[in-house]
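Heads up: the structure comes next, in structure tokens.
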């Protein structure tokens, strides 16, 4: 590892590969240090030779190849690889760090440019009413407001007292079909709020609830009432490194017996724009 006068740190590497390689598997994982390092947010696996050859690849591979192309351009070429010595000083550009990554042992540097996101919600709805055994969805309708934003107008009756609410959040990217991508979180809302100590996934989920549904951001017990709200998803929660494409976000609320209390699906398209050198 080398540190330069401007404060940047890179990894100076010399690696000799004496054989020819036509298969190179790359795995990328991030870990967040809570009390110990725990997996968080990114767990990708791609085969480099095939991904480079096909060109039409999934979003995880797109990001991995983009990092290689920008940080190791001299080695960004199709297989075969190997049969040589690789020499490089590798630096991870902070622009690849998701904007919504919670504070911890991460690097945050001033940006040379500005990348903005355009999020267009195409559909929002609650899952089939036959899925609910405990709660009653009185109405659930997507609304478009004068400024072009979309909201989900919901009225939900929860007749029982709830001291356990599991929230799951999953993101799907549409390739040929919708496939899981990047986010797969599950938190128990009551315990998390009560303990006051949040892992990064829980911190993001609670932040979304606090800002988009402040009237219902309070400790358990919940339930025994009718919830009425117009829910909006703020684009600022989109990770900066999220590639352009079509997505589906699934958010489920379940009780202690895994019965569905509320299920929401949001469909949208993300476009990246506004790069300034």
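Numbering (the numbering used here), first residue to last: 1 to 277.
Glycine residues also receive a C-beta, built at the ideal position from the N, C-alpha and C atoms.
Note that the coordinates shown come from a computational prediction; the quantities given were computed from them, not determined experimentally.
Cutoff 7 Å: residue i Cβ touching any chain C Cβ
{"i": "residue 84", "result": "Given the protein chain composition of this structure (a single chain), no chain C is represented."}
Proximity to residue i [Cα-Cα], best of the options
{"i": "residue 185", "options": "175, 202 and 174", "result": "202"}
{"i": "residue 263", "options": "250, 255, 210 and 120", "result": "250"}
{"i": "residue 229", "options": "205, 267, 42 and 209", "result": "209"}
{"i": "residue 1", "options": "20, 149 and 92", "result": "92"}
{"i": "residue 20", "options": "85, 43, 164 and 30", "result": "85"}
{"i": "residue 271", "options": "246, 260 and 258", "result": "246"}
{"i": "residue 89", "options": "200, 15, 169 and 196", "result": "15"}
{"i": "residue 160", "options": "181, 261, 9 and 42", "result": "261"}
{"i": "residue 126", "options": "61, 87 and 231", "result": "231"}
{"i": "residue 171", "options": "8, 267, 214 and 76", "result": "267"}
{"i": "residue 139", "options": "146, 128, 145 and 179", "result": "128"}
{"i": "residue 87", "options": "17, 61 and 94", "result": "17"}
{"i": "residue 66", "options": "257, 243 and 252", "result": "243"}
{"i": "residue 235", "options": "211, 252 and 224", "result": "211"}
{"i": "residue 58", "options": "178, 252 and 259", "result": "178"}
{"i": "residue 136", "options": "157, 145 and 147", "result": "157"}
{"i": "residue 71", "options": "132, 95, 54 and 51", "result": "95"}
{"i": "residue 180", "options": "169, 187 and 190", "result": "169"}
{"i": "residue 141", "options": "11, 8 and 265", "result": "265"}
{"i": "residue 254", "options": "27, 225, 73 and 131", "result": "131"}
{"i": "residue 167", "options": "190, 173, 44 and 146", "result": "190"}
{"i": "residue 51", "options": "43, 42 and 64", "result": "64"}
{"i": "residue 207", "options": "174, 49, 10 and 233", "result": "233"}
{"i": "residue 162", "options": "49, 225, 183 and 204", "result": "225"}
{"i": "residue 46", "options": "39, 29 and 194", "result": "29"}
{"i": "residue 44", "options": "54, 37, 53 and 31", "result": "31"}
{"i": "residue 223", "options": "173, 192, 155 and 175", "result": "155"}
Extent of the continuous alpha helix (DSSP H) run through residue i
{"i": "residue 54", "result": "48-54"}
{"i": "residue 69", "result": "59-71"}
Extent of the continuous beta strand (DSSP E) run through residue i
{"i": "residue 29", "result": "25-33"}
Sheet register partners of residue i (DSSP bridge)
{"i": "residue 16", "result": "85"}
{"i": "residue 167", "result": "187 and 253"}
{"i": "residue 269", "result": "120 and 246"}
{"i": "residue 154", "result": "140 and 229"}
{"i": "residue 264", "result": "126 and 251"}
{"i": "residue 162", "result": "222"}
{"i": "residue 174", "result": "178"}
{"i": "residue 11", "result": "90"}
{"i": "residue 39", "result": "31"}
{"i": "residue 45", "result": "27"}
{"i": "residue 2", "result": "10"}
* To do: Mind the definition here: the region 217-233 touches the region 75-90 only if three or more C-beta pairs lie below 8 Å; say whether that holds.
  => no
* To do: Counting only runs of 3+ residues fully inside the region 197-245, write out the beta strand (DSSP E) ranges in chain order.
  => Whole beta strand (DSSP E) segments, 3+ residues: 222-231.
* Asked: Do three or more CB pairs link the region 147-162 to the region 116-127 at distances below 8 Å?
  -> yes
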